[in-house]
Every structure is written in structure tokens, then in C-alpha cells.
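Sequences listed follow chains A, B, C and D, in order. Each residue of the first sequence is one higher than the last, beginning at 1 in the UniProt record's numbering. Each residue of the second sequence is one higher than the last, beginning at 1 in the UniProt record's numbering. Each residue of the third sequence is one higher than the last, beginning at 1 in the UniProt record's numbering. Each residue of the fourth sequence is one higher than the last, beginning at 1 in the UniProt record's numbering. Glycine residues also receive a C-beta, built at the ideal position from the N, C-alpha and C atoms.
Number of protein chains: 4
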Amino acid sequence: MTSRKQEKFEMILDAAEKVIAENGFHGSQVSKIAKEAGVADGTIYLYFKKKEDILISLFEDRLGKLVALFNASIEESSTAAEALRKVCEIHFTQLEQNVNLAYVTQIELRQSSLELRKAIGLSVKPYIQLIENILIRGIAEKSFRADLDTKLTRHLLFGAMDEVVTSWLISGRKYSLSAQVDKTVDFFLRGLK
Amino acid sequence: MTSRKQEKFEMILDAAEKVIAENGFHGSQVSKIAKEAGVADGTIYLYFKKKEDILISLFEDRLGKLVALFNASIEESSTAAEALRKVCEIHFTQLEQNVNLAYVTQIELRQSSLELRKAIGLSVKPYIQLIENILIRGIAEKSFRADLDTKLTRHLLFGAMDEVVTSWLISGRKYSLSAQVDKTVDFFLRGLK
Amino acid sequence: MTSRKQEKFEMILDAAEKVIAENGFHGSQVSKIAKEAGVADGTIYLYFKKKEDILISLFEDRLGKLVALFNASIEESSTAAEALRKVCEIHFTQLEQNVNLAYVTQIELRQSSLELRKAIGLSVKPYIQLIENILIRGIAEKSFRADLDTKLTRHLLFGAMDEVVTSWLISGRKYSLSAQVDKTVDFFLRGLK
Amino acid sequence: MTSRKQEKFEMILDAAEKVIAENGFHGSQVSKIAKEAGVADGTIYLYFKKKEDILISLFEDRLGKLVALFNASIEESSTAAEALRKVCEIHFTQLEQNVNLAYVTQIELRQSSLELRKAIGLSVKPYIQLIENILIRGIAEKSFRADLDTKLTRHLLFGAMDEVVTSWLISGRKYSLSAQVDKTVDFFLRGLK
DNA sequence: TATGAATGAGTCTTCATTCAT
DNA sequence: AATGAATGAAGACTCATTCAT
Numbered sequence: 001m002t003s004r005k006q007e008k009f010e011m012i013l014d015a016a017e018k019v020i021a022e023n024g025f026h027g028s029q030v031s032k033i034a035k036e037a038g039v040a041d042g043t044i045y046l047y048f049k050k051k052e053d054i055l056i057s058l059f060e061d062r063l064g065k066l067v068a069l070f071n072a073s074i075e076e077s078s079t080a081a082e083a084l085r086k087v088c089e090i091h092f093t094q095l096e097q098n099v100n101l102a103y104v105t106q107i108e109l110r111q112s113s114l115e116l117r118k119a120i121g122l123s124v125k126p127y128i129q130l131i132e133n134i135l136i137r138g139i140a141e142k143s144f145r146a147d148l149d150t151k152l153t154r155h156l157l158f159g160a161m162d163e164v165v166t167s168w169l170i171s172g173r174k175y176s177l178s179a180q181v182d183k184t185v186d187f188f189l190r191g192l193k
Numbered sequence: 001m002t003s004r005k006q007e008k009f010e011m012i013l014d015a016a017e018k019v020i021a022e023n024g025f026h027g028s029q030v031s032k033i034a035k036e037a038g039v040a041d042g043t044i045y046l047y048f049k050k051k052e053d054i055l056i057s058l059f060e061d062r063l064g065k066l067v068a069l070f071n072a073s074i075e076e077s078s079t080a081a082e083a084l085r086k087v088c089e090i091h092f093t094q095l096e097q098n099v100n101l102a103y104v105t106q107i108e109l110r111q112s113s114l115e116l117r118k119a120i121g122l123s124v125k126p127y128i129q130l131i132e133n134i135l136i137r138g139i140a141e142k143s144f145r146a147d148l149d150t151k152l153t154r155h156l157l158f159g160a161m162d163e164v165v166t167s168w169l170i171s172g173r174k175y176s177l178s179a180q181v182d183k184t185v186d187f188f189l190r191g192l193k
Numbered sequence: 001m002t003s004r005k006q007e008k009f010e011m012i013l014d015a016a017e018k019v020i021a022e023n024g025f026h027g028s029q030v031s032k033i034a035k036e037a038g039v040a041d042g043t044i045y046l047y048f049k050k051k052e053d054i055l056i057s058l059f060e061d062r063l064g065k066l067v068a069l070f071n072a073s074i075e076e077s078s079t080a081a082e083a084l085r086k087v088c089e090i091h092f093t094q095l096e097q098n099v100n101l102a103y104v105t106q107i108e109l110r111q112s113s114l115e116l117r118k119a120i121g122l123s124v125k126p127y128i129q130l131i132e133n134i135l136i137r138g139i140a141e142k143s144f145r146a147d148l149d150t151k152l153t154r155h156l157l158f159g160a161m162d163e164v165v166t167s168w169l170i171s172g173r174k175y176s177l178s179a180q181v182d183k184t185v186d187f188f189l190r191g192l193k
Numbered sequence: 001m002t003s004r005k006q007e008k009f010e011m012i013l014d015a016a017e018k019v020i021a022e023n024g025f026h027g028s029q030v031s032k033i034a035k036e037a038g039v040a041d042g043t044i045y046l047y048f049k050k051k052e053d054i055l056i057s058l059f060e061d062r063l064g065k066l067v068a069l070f071n072a073s074i075e076e077s078s079t080a081a082e083a084l085r086k087v088c089e090i091h092f093t094q095l096e097q098n099v100n101l102a103y104v105t106q107i108e109l110r111q112s113s114l115e116l117r118k119a120i121g122l123s124v125k126p127y128i129q130l131i132e133n134i135l136i137r138g139i140a141e142k143s144f145r146a147d148l149d150t151k152l153t154r155h156l157l158f159g160a161m162d163e164v165v166t167s168w169l170i171s172g173r174k175y176s177l178s179a180q181v182d183k184t185v186d187f188f189l190r191g192l193k
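Have a look at this one:
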């Protein structure tokens, strides 16, 4: 039962991702998502209370999976610098390999209401926190400056990576995103040390 | 005549800025903007072809003024490093002093259609270019690394500053934004040298 | 299912006929038609793509039924002259008995856009053709002149009948329309023989 | 003064005729007519009380000129049959030579409100009356049947000619309209004698 | 659980008309 | 007489959500 429910829940999320990537945020009506998912419009409301909840769940689910990837990699990393490199690598590589997801997160979901954006912000928070943890670890390791403002710097790093992904998308993906990892991390580490 | 027309044009832009900041993008009906500007609904359409054009003009106008400020300051700067500091200072200070504008640029205008975002992107481009010019100047001055990828780095810098402003806003402006300039520029310069 | 859909489709057409006859073309808002039909405004758009489509469907439906009547009668007619009399009789009698329909076809629907009028023209064509077929039959029977220009004459006959109906309506229906059949057909037959 | 006023009055009528023929009834805004006439929008309202009045005046003026032509020709005619031929000839020839006028009278002006159409009907009445007078004259001359219902027949004749013009226009004017005069009048005269 | 027909609130835009200059 | 900037009423259409089956 629950697994069956879970299954349909994910079918709807997959459908939403595809529909939004193909039609844009404003072209993604509930009826279109329902059709893509192979269910009736009303069925959507057995799994989600409001349309917005689909989008929030979508973002939570996808970002949750990324954060899990991050955590696994970080544990394997012997230094904070290595962990930071891993984070940037996963960030760029995953979005490069999943263009639909990239469009949805970088372009489409940002067109939503303030309320939705706040909910999305909650999903991003663990990621921002994860970056800060690496900074704290680096300071403890004495590989990063002790006078770093970790609250500020975590935003500098996230914002920088985020913008690089967005500009890569808007440019039409004319170059390799993952090829930007080394130069990006290099810039970060010089700033941190 | 023209000045009178220009005057009303700006009255509408001011009204739009205020209404959007107060009600959010989706709560800003044309009728509300007209009322705030003290004109009839139809009058809006003597100055703007479509509702979207109000937003595009608003962004162009405000960002244009900022870029003018940037240009003036940069000319006075004797070094690229100093110019970069000026840019960050103006970026943070102006938005801190004009919270309505900050809300509109960081939160509301990003909720718009792809078409509008493209138009906005055109307004941002000169700013991104201005940052790159500083980088090029720094390399020429030999104060920045010669192996910098200026195309990538301009996005790293812009994205970092942009995210700092947004997180400051979302946090409820609980701390001083301009107080972040030194640490931000310090991080940048270490990465650039 | 389909019959239920068909049922509502016709309820809307009936409502549209009544509303247009009572309020005129320009006074017939979608909301008024919906109210008369006892459905919500949005329901209209489950059955018709645009407002104009209601009018086209209305015309097609009503004229289609008339043409069916014509065809049945003509088959029973032993001569072309008799068939022509039947056509005129049905034309006048039907519109006299259904004043709402008469108003809609003679007055209101002619106020529509060129696009709509073209669609309506397509519905009238079978009727014009039917008249021409009678002319051809009459020539074959040698009861009508062999030198008749059937393409021209079908318009002369249709236009004459059409104008008689319109002037009867505009006059305020102060006399019997069906009482004009004999004299009208008499005039026609003299011209045709 | 008055002649100067008259002059501008006619400039506006000419402009309206051209604009309606080119843009259709619904595409003919007051501002467009004003521009074509070379006056300001407000100036229109010094000569016409409402937009509708432009159209009514246009129809009155043009049809008035036609009726004058008819009257002149009829006086020259020695028989009612000849007069009827003249009428049909002028009707077809004038509209064939003035396609703009033909479009405006046959297609565009019929898309107007009931009120306007009634006003236009008043302009048509003298023409209908003129046709009836010919019929009466023919009966007096004993060249037409004494049992003719002149009230009915005048509509049969007008409607027939009107429809022939309209179908010629809608067909794209692929054939000569004036070439239809002989056959049309022939049909009429057979019906009348 | 699932369906999908029905609902109805909500808004941009046009354009005839006015009136201060 | 002439201007043209300003007015503001009016309406088609969409789509998230519900509920009878």
C-alpha cells in the first residue's frame, strides 16, 4: 500500500520535472502534469494538497538526493579542501548530466511565488549548512584562515557556484560545466587559505 | 512636453517599484500600480505597451543608474583592486539603502516569465562586463593572476555578491549588508592575486 | 456519456439563441449565455473553444436542420416548380414560427466579424446549392428556360427570399410572412419559364 | 465658414470609407479615421456626436448620391422596363467601379449594431421606394401585371440585386458584375409582365 | 482509490469620449 | 476651432480545486 502510494507519488514528481522542463513554469498546468503521469487531475490531489506542494516536494526530493551524494563524498574526503572540491564537482556534474533538473532548479522554480521560494529556501539550507561545515572543518584543520566569517563565506561560495550554473544554462550550454570545477575551486581555496 | 511625459513615466516606475515591493510580483495588478501613481488604468498603456514593459523599464532604469555610479567610481580608482572594492561597496550600499529596489531586483523580478528574464538579462550584462573589465585591468596591472579565466571569474564574483544580498534580504535584514564589503572583497582579492 | 455531453451542448445553443435574440449580438456576454443555460462560465469552454464557436455551431445546427427539412420535401416533389414552392414555403414558415431564430439569422449573426461570416457562409452554401439543383432539374424537365444562368439565378432567388424575411422582421412582423409564399413563387416561376 | 466645415466633414467621410474598406469594421477605430483624415481625434467630435454618426452619415451621403443618379436616369427613361434596367445597371456599375464603397456597404456596415442598422435602413428606404415607383409606373403603363404586390415585389427585386453584389464580392470579384445586368433584368421583367 | 466534469474567481487591455489648453 | 493626453468601463478566457460517482 504505502510502497504503492510512494510509487505513484514519485511518478507525479517525475512527470512534474519533465513537464516543467519542457513547458516552463507558467506552461505547467496541473492537468498537463496529471496527463504526463498517467493519472486523472483529481488524483493529484490525493497525493498533494496544493499544486505548490508538488513543486516543493520535487525540490526537496531532488536536492535531498544531491545532499546525500555530498555527504557520502565528504566522508571519504581526508581534507576540507578535498571535500570542497568534491562538493563543487558533484554540484556541476550532476546538473550537467541532468539538464531537465538544471532547468527546473535554476530557471523555472525561481519564477514561483515568495511563499514557494521560502519553502525551496528551506531545502537549500542543508546544502548551505554543509558548505559551512566544510569551512569550519578547514579552520580546525588550520588549512583555512581562522578569521573567516563562515556565515558570510558559505553564501559567497554557494552564490558563485549557482551563478556559474545559471550562466552556463542561459548561454545554451555551449561549453563543459564540469570543466569549470578546477578553476572555480582554485579560486575558492586561494580565498580561503 | 517631453519632460512632462518623462515625469509621468517615472511616476509610474516609482509606483511600480513600491507596489511590487509591498505586494509581490503576483499581487501587483496594473490597476494597483495605476492607483499608486495617481493615474487611470488606461494611462499606463500610453507609456507602456504591456504590463511586462513596466518591469523591464523599471529594471533598466534602476540598473542603468547603478552602472552609471559604478563607472564614475571606477574612473576615480587608481587600481583594479580599489575599483573592485568600489563596485562591491556600491552594490551592497545602494541595495541596503533602497530596500524596495532590493526586493524587486532580488526577489520579485526573478519570478517573471522567461521572456522578461531575458530582457532583464540584457540589463545585467553591462554590469557583468564591467566586472570583467576590472579583472582584465588587474591582470594588466599585474596585481591579478595572469592565468585567471575572466569569463568564469566574473560570474563567480557576481554570483557571490548577488547571493549575499539575497540571503541578507531573506534573513529579514538582521545585520548590516555594507558591513560585509570588507570581508567579501578580501575573499575576492585573495582569490584573484 | 456522449448523449449527456450532447445534451448540454444543445442546452448552451438554445440558451445562446434566446439570449442573442433578446439582447442582440453585442449584448450577449458569455456570462449571460452561461447563466441562461444554467452552467458556470467556464463550462462553456468545455464545449466551445471560443465565444465565436458558439455562434458558428448555432448557425450550423439550425441551418442544418432546415436543409434536412428541404431535402425531405424536395424528394417528395414531383416537379422542380413544386420543389421550389416547397423551399420557399419552408423558408418562410420556419422563420415565421421561430422568431428568435429569425432574429439571430437575419439580424444578429450578420453583425459578426469577417471570420465568423465566412464560417456562416459555409453553412449557407449547401442551401444555395440546393436551389441551384432545383434550377438544373427544372431545365432538364424543360419546365425552366434552357438559357438560365443557374449560378446567377440561385443568388437572385436566395437574395429575394432573404430580403423579404428581413424586411418582414424589421417592419415589426405586422403581416403574415407565409402569406407571401404564393406571390413570391409566382414571381419566380414567371422569371424561370 | 460653412463651406470650410463642409469640406472637413467630407474629408472625414472619405477617410472613414477608406479606413473601413482597408481595416474592416472592427479594425476602424476613431483614432485611425482621424489620422487618415489628418485631424486630431477630438476634432472628429466637433463634426460628429458619436462614432456611429460617422457611419450613418457615410451611408446617407453615398446612397444619397446613388439615388440622385437613379432619379436622373429614370426621368430619361421612356418606359418602366427601361427605368428598371437603368436602376440595375447603375446599381451594379457603381459598386463595381467603387470597390471600397462596395465593401463598406455590403460587408462592413452590416456588422454594426441594431441601432445603426436601423439608421442605415432609413437610407435604403428611398431606394426601395424608388423601385416601387417604377413598379407602379409599369402597372399604369400596362407593361407590368396589374395583380403585382408592389410592396412585396420591391423587396424581391432589391434583395435579388443586393445578394448578387454580395456574392460577387465574396467570390473575390472573379467575374464582371455589370455583365450580370442583362440576365438579371431579363429575369425581373419576365416575372413582372 | 480513482475519476474528470464542473466550477467561478480573477485581470489585462482596448478604445470611444472628454476637456484643459 | 483644434488638439491629443487622459479617462475608465467592460468582458473573454484560464486553470487550480472540488465532489458526485
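Listed by position along chain C, the residues whose Cβ is nearer than 7 Å to that of D61 of chain D form an empty set, because the closest Cβ is around 22 Å away. Judged by DSSP in its simplified three-state form, L148 of chain D adopts coil rather than helix or strand. Here E82 of chain D carries a helix assignment [DSSP, helix/strand/coil]. Using beta-carbon distances, I170 of chain C counts as an interface residue toward chain D, with a partner under 8 Å. Counting only unbroken stretches of 4 or more residues, the alpha helix (DSSP H) elements lying wholly within the segment 31–59 of chain C are 41–47, in sequence order.
The Cβ atoms of L109 of chain C and D61 of chain C do not sit closer than 8 Å to each other. In the three-state reduction of the DSSP assignment, L177 of chain A falls in the coil class. A140 of chain B counts as exposed, since fewer than 16 other beta carbons sit within 10 angstroms of its beta carbon. Using beta-carbon distances, L66 of chain D does not count as an interface residue toward chain C, since no partner is under 8 Å.
Scanning C:H155, C:W168, C:E89 for the CA closest to the CA of D186 of chain C turns up C:E89. Chain C places a beta carbon closer than 8 Å to that of F187 of chain D, counting this residue as a contact.
Within 10 angstroms of the beta-carbon of R173 of chain A lie fewer than 16 other beta-carbons, which makes it exposed. Only residues of its own chain outside the window of five on either side were considered, and among them F92, V164, W168 have a CB closer than 8 Å to the CB of Q180 of chain D, listed in chain order. For L192 of chain B against R145 of chain B, the beta-carbon gap comes to about 7 Å, under 8 Å, which counts as contact. Within the same chain, V185 come within 6 Å of R85 of chain D by CB-CB distance, once the 5 residues on both sides are set aside.
For the pair V104 of chain C and A21 of chain C, the CB atoms are nearer than the 8 Å cut-off. Between Q94 of chain A and L66 of chain A, the CB-CB gap stays under 8 Å. The Cβ atoms of E52 of chain A and L156 of chain A do not sit closer than 8 Å to each other. Shown here for K18 of chain D: same chain residues with a beta carbon closer than 8 Å to its own, the five before and five after excluded, namely E36, N100 in chain order. Counting other Cβ atoms within 10 Å of its Cβ, Y47 of chain A reaches 16 or more and is therefore classed as buried.
Counting only residues of its own chain and dropping the five nearest sequence neighbours on each side, L122 of chain D has no CB closer than 6 Å to any other CB. By a beta-carbon distance limit of 8 Å, R190 of chain D does not contact R4 of chain C. Their separation comes to about 54 Å. Rounded to the nearest whole angstrom, the CA to CA distance from S78 of chain A to K32 of chain B is 57 Å. Rounded to the nearest angstrom, the Cβ distance from G138 of chain D to A102 of chain D is 28 Å, too far for a contact under 8 Å. From the beta-carbon of R85 of chain D, no residue of chain C is found nearer than 7 Å; the closest lies around 15 Å away.
Annotation for Q106 of chain A: no alpha helix (DSSP H) segment contains it, and DSSP assigns it neither H nor E.
Contact of L58 of chain B with chain A is not assigned, every C-beta pair being separated by 8 Å or more.
Counting along the chain, no alpha helix (DSSP H) covers S171 of chain B, and no H or E run does either. Put simply, the backbone Cα of F59 of chain C is about 17 Å away from that of E7 of chain C.
Spanning the alpha carbons of T2 of chain A and K151 of chain A requires a straight line of approximately 40 Å.
In this model, S28 of chain B and Q29 of chain C are separated by some 27 Å (Cα to Cα). Membership of Q6 of chain A in the alpha helix (DSSP H) is indicated by the continuous run 2–23. Judged by DSSP in its simplified three-state form, S28 of chain D adopts coil rather than helix or strand. Closer than 8 Å to the CB of T93 of chain B there is not a single CB belonging to chain A. Around the beta-carbon of D162 of chain C, 16 or more other beta-carbon atoms lie within 10 Å, marking it buried. It is roughly 13 Å from the alpha-carbon of F188 of chain D to the alpha-carbon of G159 of chain C.
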